[in-house]
Amino acid sequence: MKRQIAIVTGAAGGFGAAISKSLLEVGYAVAATDLDAAKLERLVQRLGAHEDLKTFVMDVTDPDQVEQCAAAIAESMGPNITVLVNNAGIIGRGFSLAEKSVLLSRQVIDVNLTGAFNCTSAFSRHMARLKYGRIINIASVAGLWGAAGGAAYAASKAGLIKASESWARELGPLNISVTAIAPGICKTEMLDRFVDSEAAMSVDEAKIVKSIVPVGRWGVPEDIAEVVTFLATCKTNYLNATVIPMDGGMRVGTL
Ligand SMILES: NC(=O)c1ccc[n+]([C@@H]2O[C@H](COP(=O)([O-])OP(=O)(O)OC[C@H]3O[C@@H](n4cnc5c(N)ncnc54)[C@H](O)[C@@H]3O)[C@@H](O)[C@H]2O)c1
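As structure tokens, then:
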């Protein structure tokens, strides 16, 4: 197959930038998409001009924009779209009984879950034509365990995990495998937005990390990028419908 194209959503954020960099390094042409045009410019500055890196402004919540963007990517980069990383996401923080919680919940579910539906629908059709594809969904351990103050976020990620398993069933016969990664706590802007900084400053962070994460550190975007790249380049389609927790062993840490 000629040069393969990987689509990364939310590519200008913490994980997205590391995933784009890693996929470029293993030889993919990367369509880095994001809602935020200015952040995409900063991404290009950070990664350096690269003939295999192209940026596209795309709001994952807008199905028409996603369809148009898929067509624009195929037109400018070619039709060999074989990898989709559904990474765009937002975090909503708020007690579930709070008044604004319903509006916030809709936004979170719209981006994190409906956005992945829109992109999977648009880009998997390209993969179906090739009878080859790898779709990788960035979920969260919150989708496995729930999260106090993040009910909508946890629900969106649990939904994404079940959607991954359903797409794995639907698309498996077309040689398109679908997997999900459930990251634990990683240092990005998103985490800064979720954590109450005053409360955070009053605790001994290093002590907490050591007590709940067996490897003794929070994650970094490169941890997630490593596994995304493995899943993208994995030759076998037998790795399908799998959910990989990437949490440094946090789920067993408190024991
Ligand atoms: N950081 C963590 O600890 C953590 C843990 C588990 C899961 N995740 C998940 O990983 C993914 C990436 O998170 P991150 O930490 O890099 O966050 P981030 O805030 O650094 O990046 C998210 C990116 O998504 C983009 N985005 C937001 N809404 C969008 C929309 N409607 N359309 C297109 N792009 C949009 C933002 O502009 C931003 O560039 C998210 O799905 C998040 O839920 C993060």
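Position one of the sequence shown corresponds to residue 55 (the numbering used here), numbered consecutively onward. All C-beta atoms, glycine included, are put in the ideal place defined by N, C-alpha and C.
Residue pairing of Asp88 in beta bridges, as defined by DSSP: Val111. Here the alpha carbon of Ala260 sits roughly 17 Å from the alpha carbon of Thr242. Nearest in C-alpha terms to Val111, of all of Leu97, His180, Ala236, His104, is Leu97.
The three-state secondary structure of Cys240, taken from DSSP, is strand. Three or more Cβ pairs closer than 8 Å define a contact, and the stretch 72-87 falls short of that threshold against the stretch 149-160. Pro268 has no beta-bridge partner at all, per DSSP. Taking all protein chains in view, the Cβ of Thr136 is crowded by 16 or more other Cβ atoms within 10 Å, so the residue is classified as buried. Looking only at Lys75, Ala208, Met244, the smallest Cα-Cα distance to Asp106 is reached by Lys75. Residue pairing of Thr233 in beta bridges, as defined by DSSP: Ile190. Leu198 and Gly213 have their C-alpha atoms spaced approximately 10 Å apart. At least one heavy atom of ligand 1 lies less than 7 Å from the C-beta of Ala66.
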